[in-house]
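To start, the structure itself, in structure tokens.
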Amino acid sequence: MTVTTLVDPVDVVPSRTTYRSLARAVDRRFLALGMAVRLPTAMLPLGILLYVADATGSFASGGLAVAALSIGGGIGGPVVGALADRFGQRPVLLASTAVQVLGIAAFLLLGDTLGPAMLIAALVGLANPQAGAMARARWSVVARRRPDRLPFTATAMAYEGAVDEASFVVGPVLVSTVAGLTAPYVGLGLALVLALVAQTGFALHPSSLPGRGRAASTPDVPRAPLPVAHLAFLLLAMAAVGVVFGSSQTGVAARMAESGHDGLTGPVYALMGVGSAVAGLLSTRLPARFALADRIAAGGALLVLGGGVVALAGPPPLLGLACLFLGLALAPALVSAYALAERAAPAGWGTTTMTALATANVVGVAAGAAVAGQLVDRVSPGAGLLVVSVAGLGVLACGLGARFRPLGRRLG
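Just so we're aligned, residue 4 is where the sequence shown starts under the numbering used here, counting upward by one.
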């Protein structure tokens with residue numbers, strides 16, 4: 004088995020492409036829909052956590068419901084991605100949206116007890132349309148038609164990472180603010196409406212990718228196999244990043260409730276998204292010699308430090324600054340993992356590959372929320388937030404491991 008590094012030339016960042024070139028490559032409606040379509044997914048974890056915690060009086064129960072949502076997404080994500088590559092994005096998006104909307108409606112009716120809440124949350128997660136992964140797959144197709152494919156792809160993945168984080172700023176703030184001003188069920192109702200409108204619009208947009216064999220310009224040839232070895236460390240890194248999201252969301256919500264500042268949960272947690280969005284957009288300015296795998300490792304090291312800081316931060320302003328720092332640390336790992344995965348994905352595997360990374364992230368969110376919820380109830384909110392440091396060690400290890408990959412192992 005041959006061993007080589009990921010540093011040269013595979014993951015070295017090529018010369019830059021500007022964000023303006025992205026806007027010229029697609030229409031404005033695609034950009035707007037690409038932002039709006041992420042909001043329901045960003046709203047659901049905190050919306051479900053607040054709803055179940057309010058109904059049962061237990062953050063552990065809320066964490067279990069969020070874990071069920073994430074586990075459902077982890078199971079359904081690869082299926083949705085494979086179906087989209089096989090039959091096309093449009094029918095899969097429309098079908099998954101219908102199931103998800105009905106699931107949220109059922110949750111509003113039956114989700115006030117833990118058993119039904121977990122079952123329905125799992126169904127809602129199972130039907131997650133994986134819009135972010137599909138958007139990245141669409142960018143990948145656009146990039147392959149361009150002479151500046153590699154720099155264009157790096158910029159597109161940085162932009163998509165920033166859009167992801169922007170949604171995780173707006174989504175939690177929106178759902179927690181609405182829940183705080185009215186009731187938790189109103190926040191979930193808003194997520195339902197946005198899912199119906201935005202996801203349907205994204206499905207019907209002309210950029211929606213057809214399935215294999217349905218595009219006239221695609222020759223009828225067998226697909227190249229999916230390179231497992233190229234993706235293994237990236238999938239593990241994304242799972243560890245998910246643990247950061249799940250544990251920090253649960254820990255921050257518990258810390259705010261403990262201090263009597265429940266209404267600040269969304270704004271404080273959203274600062275993590277602000278930091279990640281800003282760092283993601285600026286990541287294209289990092290020097291080319293700072294290889295992508297090294298950026299993942301560096302992000303992990305910063306997360307180890309940030310986990311300790313956020314666990315010790317008490318007052319909302321300090322906790323908000325700690326969350327901002329976590330976001331700055333998260334961006335290198337997220338953007339770099341997606342950029343490396345796009346380069347490793349053969350034609351015809353685009354949506355599947357991007358969905359696999361998103362699914363790994365979702366599974367990590369489930370684990371992080373469940374573990375942190377138990378630690379919050381049994382020990383303290385600070386103990387739940389220390390899970391972030393453990394996850395940071397995982398990201399660091401994956402970044403170091405991704406610098407050396409075994410070649411030759413394929414799945415196809």
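All C-beta atoms, glycine included, are put in the ideal place defined by N, C-alpha and C.
Item                                                                                                                                    : Value
Own chain residues within Cβ distance below 7 angstroms of residue 299, not counting five before or after                               : 240, 335, 336, 339, 340, 398, 401, 402 and 405
The segment 365-378 in contact with the segment 74-91 per 3-pair CB rule at 8 angstroms                                                 : yes
8 angstroms contact criterion, which residue 114 and residue 362 should meet: CB distance rounded                                       : At roughly 23 angstroms, the Cβ-Cβ gap does not stay under 8 angstroms, so residue 114 and residue 362 are not in contact.
Residue from 178, 242, 156 and 199 with nearest C-alpha to residue 393                                                                  : 242
Candidates 387, 326, 84 and 381: closest to residue 141 by CA position                                                                  : 84
Reduced DSSP secondary structure (H/G/I, E/B, other) of residue 385                                                                     : helix
Alpha helix (DSSP H) segment containing residue 182, residue limits                                                                     : 152-184
Residue 190, DSSP secondary structure in three states                                                                                   : helix
Own chain partners of residue 95 with C-beta closer than 7 angstroms, once the 5 adjacent residues on each side are dropped             : 83, 86 and 87
Counted within 10 angstroms of its Cβ, other Cβ atoms place residue 158 as buried (16 or more) or exposed                               : buried
Residue 152 versus residue 72 - alpha carbon distance                                                                                   : 36 angstroms
Pick from 121, 257 and 390 that is closest to residue 310, judged by C-alpha positions                                                  : 390
Own chain partners of residue 193 with C-beta closer than 8 angstroms, once the 5 adjacent residues on each side are dropped            : 46, 177, 178 and 181
Contained alpha helix (DSSP H) runs [length at least 4] in the segment 270-320, N- to C-terminal order                                  : 295-315
DSSP bridge partner residues for residue 91 (one or two, in chain order)                                                                : 213
Cut-off 7 angstroms between Cβ atoms - residues of its own chain near residue 373, not counting five sequence neighbours on either side : 66, 67 and 70
Residue 262 in three-state terms, based on DSSP                                                                                         : coil
Among 346, 314, 269 and 207, the one whose alpha carbon lies nearest that of residue 32                                                 : 207
Exposed unless 16 or more other CB atoms sit within 10 angstroms - verdict on residue 323                                               : buried
Segment contact flag, the segment 285-292 with the segment 379-389, C-beta cutoff 8 angstroms, min 3 pairs                              : no
Proximity below 8 angstroms, CB of residue 187 to CB of residue 60                                                                      : no
Alpha-carbon spacing of residue 281 relative to residue 212, whole angstroms                                                            : 29 angstroms
Reduced DSSP category for residue 346 - H, G, I as helix; E, B as strand; rest coil                                                     : helix
DSSP state of residue 61 mapped onto helix, strand, coil                                                                                : coil
Span of the alpha helix (DSSP H), counted from its first residue to its last, around residue 119                                        : 117-129
Per-residue burial, residue 148 [other beta carbons within 10 Å of its own, 16 or more giving buried]                                   : exposed
First through last residue of the alpha helix (DSSP H) which encompasses residue 396                                                    : 390-404
Cβ-Cβ distance between residue 37 and residue 138 below 8 angstroms                                                                     : yes
Collapsed DSSP secondary structure at residue 31 in the structure displayed                                                             : helix
Exposure label - residue 23; buried when at least 16 CB within 10 Å                                                                     : exposed
Cβ distance (whole Å) where residue 279 is taken to contact residue 330 below 8 angstroms                                               : 4 angstroms
Alpha-carbon to alpha-carbon, residue 210 and residue 40                                                                                : 14 angstroms
Range covered by the alpha helix (DSSP H) that runs through residue 40                                                                  : Taken as a continuous stretch (DSSP letters only), residue 40 belongs to no alpha helix (DSSP H), as it is neither H nor E.
Cβ shell of residue 320 (< 6 angstroms), same chain only, five flanking positions each side left out                                    : none
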